[in-house]
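Q: What follows is a single structure, and I will ask about it in a moment.
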Amino acid sequence: MVSAVHPEPLETYLRTVKDHLQSLSPEDSAEIIRELRSHVLDCVKGDLSNAAVNATLMRLGDPRDR
Amino acid sequence: MSASDTDPLEVDLGKWEIQLRKGSLSLAVLASLWNGELYGLEILRQLEQIANFTVAEGTIYPLLNRLKAAGFVESHWVEAEAGHPRKYFHLSVSGRRYVIGLSAAWQEFASGMNRLLAPLEPRVRGKRRAS
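Order-wise, the sequence lines are chains R and L. Using the working numbering, you'd call the opening residue of the first sequence number 1 and step up by one each time. Using the working numbering, you'd call the opening residue of the second sequence number 1001 and step up by one each time.
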């Protein structure tokens, strides 16, 4: 079981994504954020270090392009 | 930088292959769901392991959401043992019909192209060995 506290790089990334989803409904925006958070947590397999999280975020690409 | 990065022919082949993969991505994703539901990372792994098809992670969710909006895919959240919820995707009834149609079109196209490309095969085998 991983901690419910999510690493800061992930939260920063998701905040930027959210800021760029203004054209979507709050429900659609929240769904995308939830998907991305779940994907990152799957990829890091419990390793919540900044290095592991940042490596995954790099592969996801620019948060402004979601 | 390798020689293939600057060889215009290789650059052009690379661009063509990217377009080919982009055009096949919907079929690949839908086909990966044929045997049952998967979450995003599992779809990516299946494409990589079965078809040697590497997909940029950032492109999979927008595509899945488009397929969902078109009614071909459905999804639901599951509170996973991993400790965080996972979104599982599965084919809808129309999605199953659609992927069968896409697959038939793909196979017809591929067999025609394979017939057309048959005379090149000895050269292609040589290139595969060399690369």
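Note that CB positions come from ideal geometry on N, CA and C, so glycine has one too.
#1: If distances are taken between C-alpha atoms only, which option among L:E1079, L:G1014, L:W1016 and L:L1091 comes closest to W1034 of chain L?
#2: Can you pull the chain R residues whose beta carbon is under 8 Å from the beta carbon of A1056 of chain L, in chain order?
#3: Alpha carbon to alpha carbon, how far is R1115 of chain L from S38 of chain R? Give it in angstroms, no decimals.
#4: Under three-state DSSP, which class holds F1109 of chain L?
#5: Taking three-plus beta-carbon pairs below 8 Å as touching, is the stretch 1048 to 1058 of chain L in contact with the stretch 1068 to 1079 of chain L?
#6: At which residues does the alpha helix (DSSP H) containing S38 of chain R begin and terminate?
#7: Which chain R residues are close to Y1061 of chain L, counting only those with a beta carbon under 8 Å from its beta carbon?
#8: Mind checking I1100 of chain L: buried by the 16 CB within 10 Å criterion, or exposed?
#9: Along the beta strand (DSSP E) that carries E1074 of chain L, what are the first and last residues, could you check?
#10: Near I32 of chain R, which residues of its chain fall below 8 Å by C-beta distance, leaving aside the five closest residues on each side in sequence?
#11: I'd like to check one pair, Y1061 of chain L with H1076 of chain L: are the Cβ atoms closer than 8 Å?
#12: How would you call P26 of chain R, buried or exposed, if buried means at least 16 neighbouring beta carbons within 10 angstroms?
#13: Find the nearest neighbour of G1036 of chain L within the set L:V1124, L:G1095, L:L1120 and L:S1103, judged by alpha-carbon distance.
#14: Does D47 of chain R come within less than 8 Å of chain L when only Cβ atoms are used?
#15: Out of L:R1066, L:N1065 and L:E1057, which has the shortest C-alpha to C-alpha gap to P63 of chain R?
#16: From the DSSP secondary-structure annotation, give me the bridge partner or partners of R1086 of chain L.
#17: Taking R1066 of chain L as the reference, which of L:E1042, L:V1029, L:I1018 and L:E1121 has the closest Cα?
A: In brief:
#1: L:L1091
#2: R59 and G61
#3: 45 Å
#4: helix
#5: no
#6: P26 to V44
#7: I32, E35, L36 and H39
#8: exposed
#9: V1073 to E1079
#10: V17, L21, L24 and R66
#11: no
#12: exposed
#13: L:G1095
#14: no
#15: L:E1057
#16: L:V1078
#17: L:V1029
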